[in-house]
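**Student:**
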Amino acid sequence: MPQKQHDIEIMFRDGSKTIGTRTGNNAAWLCRCNRNRPLVGFSDVLHSSRASSDVECVDCGRVYRVVAASLRKTPDHVEEIPPRTG
Ligand SMILES: [Zn+2]
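Each residue of the sequence shown is one higher than the last, beginning at 13 in the working numbering.
1. Using a threshold of 9 Å, state whether the C-beta atoms of V75 and P94 are closer than that.
2. Just checking my contact of R35 with H59 at CB under 8 Å: how many whole Å lie between their CB atoms?
3. From what residue to what residue does the beta strand (DSSP E) around N38 run?
4. Using the three-state DSSP reduction, which class does S55 fall into: helix, strand or coil?
5. Any beta carbon from chain B within less than 9 Å of D19's own beta carbon?
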C-alpha cells in the first residue's frame, strides 16, 4: 500500500499560513523565501530542546518545526519558530 499523502497546515511567524504535505511522521513544504525545493522534516513537540528536529532553510535561515503531541508522532502542523540563540 502506498504512503498516503495528507495536507498539513504551515504557520509562519507573521501569522500567515499555507499548506504542505505530510506522510507518516514527516512533512514537506515550501519556505517563505521561495526556495524552489521543499524543506522536509520529522515531527517533534513544539517546544523541543532537540536541535536535531529543527528544520532550517539553507537559503534564508528561517527555522521550522514539524509539530506533534510527542516525538515522532503524527504531526498536526508545521510552525516557523525563532532561530536558536547561543
Ligand atoms: Zn527560506
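Heads up, the beta-carbon is just placed ideally off N, CA and C, and yes, glycines get one too.
**Tutor:** With the given structure in hand:
1. Taking the sequence shown and counting its residues from 1, the one referred to as residue 75 is at position 63. Taking the sequence shown and counting its residues from 1, the one referred to as residue 94 is at position 82. Remark: C-beta atoms of V75 and P94 approach each other more closely than 9 Å.
2. For the purposes of this step, residue 35 is taken as residue 23 along the sequence shown, with counting starting at 1. For the purposes of this step, residue 59 is taken as residue 47 along the sequence shown, with counting starting at 1. Reading the sequence as shown, one finds Thr at residue 35 and not Arg. Not really, about 24 Å apart at Cβ, beyond 8 Å.
3. What you label residue 38 is simply residue 26 of the sequence shown in a count that begins at 1. Where N38 is concerned, the enclosing beta strand (DSSP E) stretches over N38 to W41.
4. Taking the sequence shown and counting its residues from 1, one reaches residue 55 at position 43. In the structure shown, S55 sits in a strand (DSSP, three-state: E or B).
5. Looking for chain B here will not work: only one protein chain is present.
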